[in-house]
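Worksheet: the structure to be examined is printed underneath.
Number of protein chains: 2
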Amino acid sequence: MNNVASEKQLLLEIKPILTSFDVELLKSLLLQYRPEDIADIFWDIELDEAKFIINHVEKQKAVEIIRSLDEELQERFFKGYTAQEIAQDVLGFLDSDDAVDILSILPTQKAEEVLSYIEDQDYANSLAAMLHYDDDIAGGLMAKELVQVKYNWTVSQCIEEIRKQAEEVDSVHAVYVVDDRSILKGVVSLKDIVLSKPHISVIEITNINFIAVNAYATGEEVARLMNKYDLITIPVVDSMTRLIGRITIDDVVDFIKEEADKDFQLQAGLSENVESSDSVYILSRARLPWLMVGLLGGLGSSMIISNFEGDISHLPKMAFFMPVVAAMGGNAGVQSSAIIVQGLANNTLKSKNILPKLGKEFTVSLLNGLICSAILLSFNMLLGHGYDLSIVVSSALVTVIIFASLLGTITPLVLDKFNIDPALATGPFITTINDIVGLGVYFLLGRILLGAI
Amino acid sequence: MNNVASEKQLLLEIKPILTSFDVELLKSLLLQYRPEDIADIFWDIELDEAKFIINHVEKQKAVEIIRSLDEELQERFFKGYTAQEIAQDVLGFLDSDDAVDILSILPTQKAEEVLSYIEDQDYANSLAAMLHYDDDIAGGLMAKELVQVKYNWTVSQCIEEIRKQAEEVDSVHAVYVVDDRSILKGVVSLKDIVLSKPHISVIEITNINFIAVNAYATGEEVARLMNKYDLITIPVVDSMTRLIGRITIDDVVDFIKEEADKDFQLQAGLSENVESSDSVYILSRARLPWLMVGLLGGLGSSMIISNFEGDISHLPKMAFFMPVVAAMGGNAGVQSSAIIVQGLANNTLKSKNILPKLGKEFTVSLLNGLICSAILLSFNMLLGHGYDLSIVVSSALVTVIIFASLLGTITPLVLDKFNIDPALATGPFITTINDIVGLGVYFLLGRILLGAI
Chain A
115 MNNVASEKQL
125 LLEIKPILTS
135 FDVELLKSLL
145 LQYRPEDIAD
155 IFWDIELDEA
165 KFIINHVEKQ
175 KAVEIIRSLD
185 EELQERFFKG
195 YTAQEIAQDV
205 LGFLDSDDAV
215 DILSILPTQK
225 AEEVLSYIED
235 QDYANSLAAM
245 LHYDDDIAGG
255 LMAKELVQVK
265 YNWTVSQCIE
275 EIRKQAEEVD
285 SVHAVYVVDD
295 RSILKGVVSL
305 KDIVLSKPHI
315 SVIEITNINF
325 IAVNAYATGE
335 EVARLMNKYD
345 LITIPVVDSM
355 TRLIGRITID
365 DVVDFIKEEA
375 DKDFQLQAGL
385 SENVESSDSV
395 YILSRARLPW
405 LMVGLLGGLG
415 SSMIISNFEG
425 DISHLPKMAF
435 FMPVVAAMGG
445 NAGVQSSAII
455 VQGLANNTLK
465 SKNILPKLGK
475 EFTVSLLNGL
485 ICSAILLSFN
495 MLLGHGYDLS
505 IVVSSALVTV
515 IIFASLLGTI
525 TPLVLDKFNI
535 DPALATGPFI
545 TTINDIVGLG
555 VYFLLGRILL
565 GAI
Chain B
115 MNNVASEKQL
125 LLEIKPILTS
135 FDVELLKSLL
145 LQYRPEDIAD
155 IFWDIELDEA
165 KFIINHVEKQ
175 KAVEIIRSLD
185 EELQERFFKG
195 YTAQEIAQDV
205 LGFLDSDDAV
215 DILSILPTQK
225 AEEVLSYIED
235 QDYANSLAAM
245 LHYDDDIAGG
255 LMAKELVQVK
265 YNWTVSQCIE
275 EIRKQAEEVD
285 SVHAVYVVDD
295 RSILKGVVSL
305 KDIVLSKPHI
315 SVIEITNINF
325 IAVNAYATGE
335 EVARLMNKYD
345 LITIPVVDSM
355 TRLIGRITID
365 DVVDFIKEEA
375 DKDFQLQAGL
385 SENVESSDSV
395 YILSRARLPW
405 LMVGLLGGLG
415 SSMIISNFEG
425 DISHLPKMAF
435 FMPVVAAMGG
445 NAGVQSSAII
455 VQGLANNTLK
465 SKNILPKLGK
475 EFTVSLLNGL
485 ICSAILLSFN
495 MLLGHGYDLS
505 IVVSSALVTV
515 IIFASLLGTI
525 TPLVLDKFNI
535 DPALATGPFI
545 TTINDIVGLG
555 VYFLLGRILL
565 GAI
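So the protein sequences, as listed, match chains A and B. Residues in the first sequence are numbered consecutively from 115, following the working numbering. Residues in the second sequence are numbered consecutively from 115, following the working numbering.
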């Protein structure tokens, strides 16, 4: 068992070699590490050092390292490569899905140039075709490398085919059975091939009750199907149900993680996928748009409140409870919208029917609102803020919690209906609206219940 | 190709049968649906209807349906089953990992009773042993069902072994090679077995440079390894590196999704995993704790502000800008903490060294703070709020954004150091603290800069 190496250890060992240029030592050190582990240290070394490493491991491993790099690093890395080098030294060693991923991060012109350097014209054409799919649909997630056999073959013919394609297809989990027009007829597990007599017809062990996806199915749909039916691979077909590729679960895991990250970022008010190691400029740019939304909202609040300047000057204590009313509205709204957003994402939402949900949300928020209001009322009475003001604050609180909860329930459902990412509704957007409305309600109630103060 | 059925359609077709009790019709209808699809409608039917369905599909399919149910539904469902029925009719048809999942949702006493009804004493013992692992570590995620072969066997002996275990092990992706003391020596892919001559020794095609995990490795670590090295299965070993189980990627996908959901919930201020279909009581209970945190924070704010009652009564306009200061602090703080939390979760955080991060965060927040303050200043001057007040508001804004950003950076790192889920720092907790501090800073600045107003 050769378990995983720590990034720090490799970095410690490799640094002196990178300055001494001891090629033999470098080679023997790199032999001990997996490509994924070598890729890890690329954040911490210079571009020319990275190239030095890549040039001194065997081709297949070099390509595996490049494939494992973060997209940002790949982009930086390929700036130092000519189109010809990328075509011949990199893409030639990669599966088509990884090749397309790399082509898609290159500037369009360079990508086309790379394609022109690929010797196998058919392969270049199919890469070009795959480039047309967005990277969040089945066609963008699939790879072309798969083992396909004809439905009238025997098991031993299938084994021969696997042997032929073994070099091109790294990992075989299933064999796809097609007819003469490439139409997908079924799937055979490798286990059944191992366990069957060589002379029987493959159709006898073929599962014809399989699940496939169209090339234009969304990544979410692919993830949902593979997750629900515990699939390791899923075949991709065109509109004529001809087999055009297959998606493996590891690509879908990446997709699921990216989707979850996106929701988390939207909820936190980040407009791009940023990491703390990004530049100050990128970090600022990702954060500023949502801060602006908050700022606009704040200006809105200030205008609302300015209508109540007289009330405040009459009873400055009104100002004491502005934050609690605003904050509680924000909190309750985000809770409601998060429940809906998660239900939409996990497909656990029974129906998208808004009305019954609003009814329930009303009950829940009324209950929580009353509990919070009662506690606040007791505190305010104890602290001697007077009966009238305490009643106003608590009435405003329960109203705002109910309003914010209903708004938090409706907004993601409406966004979803218009095909906008509902996770938008869990972020600063909903908090900001709730701030404004909450404060308006609070001061209006104050004016009504406290009389013409 | 028999693609996926819609839940609605099945429900529509099955409802009349459930009232007419037409067994033959029911059987033929259920034959057309996958177990995962049948499980979907269990939310919408009564318990006795569910049992009626389970009793009229073949055993293996019935168990697949039960396995696919949501944990909450399983719990409800098993209340109507005796320990003996669960042992014989359900667990007997499941892989060990799924069996343990079901045992773990039963009350302890019933689980023990179920174990006593399992005829194969060795199997019962191993289930009992697996029950001791938490469900978020490798031991709790693994299944015992795997194909293991001895290192001195030939390929044809391996194929014989796969055949023997074929009934027990549904899907075989890899074969594990062990020595006489069960110590894991390597992994063989099924593809290599298919492609090898029957008489060669399995050790010749064994990959000895494999990755395994200890039974006590965290689920996060398992997910990270499988994701990084694109693994479909990973073997689990004990402290002596003896093979005790294997984890497949589909269980890890579930784990990754649950973890992402947990972070999302913490960020939204939900204390349990709830769905909009949960009862009002459960929904309220999940939401109330964080509302209480917000409430306490609001009380804190009100006490801080009450110290400035004189200032407010003197200059009621001060109240106009309380919301913008509080909200912007909250937004900036959540942004910072989300970046750190995501870095911790995705292992992209170079070092956990706090100081350089704070330096960068200071620059980013100073930049964003200055931009926001400048905009707010121009607006306030335009709206005629006067130079003095406008300067106070904008100075407070930049101070609060910087403070909140630094606090948002530190908090998750500190929580992580104490092994508390850092995602806690992205929720109402950080917003609440920022509200209080922000308003304090604002009024203090007001008092200082506006003189003794």
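Just so it is clear, CB atoms sit at the ideal spot from N, CA and C, and this is done for glycine as well.
Following the continuous beta strand (DSSP E) through K311(A), name the residue where it begins and the one where it ends. Run containing K311(A): none; DSSP gives neither H nor E here.
In its own chain, which residues sit with a C-beta less than 8 angstroms from the C-beta of N308(B), not counting the 5 before and 5 after it? Residue identity check: residue 308(B) is Val in the sequence provided, not Asn. Hits under 8 angstroms: none found.
With a threshold of 8 angstroms, are at least 3 pairs of Cβ atoms found where one atom belongs to the stretch 289-306 of chain B and the other to the stretch 392-399 of chain B? no
State buried or exposed for Q235(B), treating a residue as buried only when at least 16 other CB atoms are found within 10 Å of its CB. By the beta-carbon neighbour count (other beta carbons within 10 angstroms, threshold 16), Q235(B) is exposed.
Any idea what DSSP makes of G498(B), helix, strand or coil? coil
Measuring straight from C-alpha to C-alpha, what distance separates T525(B) and K376(B)? 18 angstroms
Going residue by residue through the stretch 138-166 of chain B, where are the continuous alpha helix (DSSP H) segments of at least 4 residues, counting only ones entirely within it? 149-154
Just verifying my parser: in three-state terms, what is the DSSP assignment at G194(B)? coil
Three or more beta-carbon pairs under 8 angstroms between the stretch 434-444 of chain B and the stretch 448-466 of chain A, yes or no? no
Which same chain residues, not among the five before or five after G552(B), have their C-beta less than 6 angstroms away from its C-beta? Leaving aside the five residues that flank G552(B) on each side, the residues in its chain whose CB is nearer than 6 angstroms to its CB run, in chain order, V439, A440, G443 and V514.
Please identify the residue among P312(A), V351(A) and S385(A) whose C-alpha is closest to the C-alpha of W267(A). P312(A)
Any Cβ of chain A within less than 9 angstroms of the Cβ of A566(B)? Since pLDDT at A566(B) reaches only 47, below the 50 mark, its modelled position is unreliable, and the value read off the structure follows with that caveat. By this cut-off, A566(B) is not an interface position.
Does the Cβ-Cβ distance between A329(A) and G359(A) come in under 9 angstroms? In contact: A329(A) and G359(A) (Cβ atoms closer than 9 angstroms).
Pick helix, strand or coil for P221(B), following the three-state DSSP scheme. coil
Quick check on the burial criterion: 16 or more other C-beta atoms within 10 angstroms. Buried or exposed for Q188(A)? buried
If you follow the beta strand (DSSP E) that K264(A) is in, where does it begin and where does it stop? Per DSSP, K264(A) belongs to the beta strand (DSSP E) from Q262 to K264.
Given 8 angstroms, three or more beta-carbon pairs between the stretch 224-234 of chain B and the stretch 336-350 of chain B: no
Does the distance from the CB of A288(A) to the CB of S303(A) come in under 9 angstroms? yes
Classify A566(A) as buried or exposed, calling it buried when 16 or more other Cβ atoms lie within 10 Å of its own Cβ. Model confidence at A566(A) stands at a pLDDT of 47, short of 50, so the residue's coordinates are unreliable; what they give is reported in the following sentence. When all chains shown are included, A566(A) counts as exposed.
Alpha carbon to alpha carbon, how far is V283(B) from V261(B)? Give it in angstroms, no decimals. 7 angstroms
Just how far apart, CA to CA, sit Q379(B) and E259(A)? 39 angstroms
Buried or exposed for H246(B), going by 16 or more other Cβ atoms inside 10 Å? Counting of Cβ neighbours within 10 angstroms places H246(B) among the exposed residues, the total staying below 16.
For A536(B), report the span of its beta strand (DSSP E) as first-last. Ala is not the amino acid found at residue 536(B); the sequence shown has Pro there. P536(B) -> no beta strand (DSSP E), and no H or E assigned at all.
Quick check: what's the CA-CA separation for I419(B) versus K371(A)? 43 angstroms
What is the DSSP secondary structure of A446(B), reduced to helix, strand or coil? helix
Can you tell me where the alpha helix (DSSP H) holding L558(B) begins and where it ends? P542 to L563
Answer with yes or no whether the minimum CB distance from I276(B) to chain A is below 9 angstroms. yes
Comparing alpha-carbon positions, which option in G206(A), I516(A) and R401(A) lies nearest S450(B)? R401(A)
Using a Cβ-Cβ cut-off of 9 angstroms, state whether A452(A) counts as contacting chain D. Checking the listed chains, one finds no chain D in this structure; the protein chains it contains are A and B.
Could you pull out every residue in the same chain whose Cβ sits closer than 8 angstroms to the Cβ of T384(B), ignoring the five residues on either side in sequence? The sequence as given places Leu at residue 384(B); Thr does not occur at that position. Same-chain partners within the cutoff: A400, R401 and W404.
Which residues in chain A sit within 8 angstroms of N445(B), going by Cβ to Cβ distance? G383, W404, L405, G408, P542 and T545
Which listed residue (I152(B), F532(B), I363(B) and I325(B)) has its alpha carbon closest to that of E150(A): I325(B)
Backbone CA spacing between I219(B) and E163(A) [nearest angstrom]: 53 angstroms
What are the residues that DSSP puts in a beta bridge with N321(A)? V301(A)
Cβ-Cβ distance between E423(A) and F434(B) below 9 angstroms: yes
Pull up the DSSP beta-bridge partners for R360(A), would you. A257(A) and P349(A)
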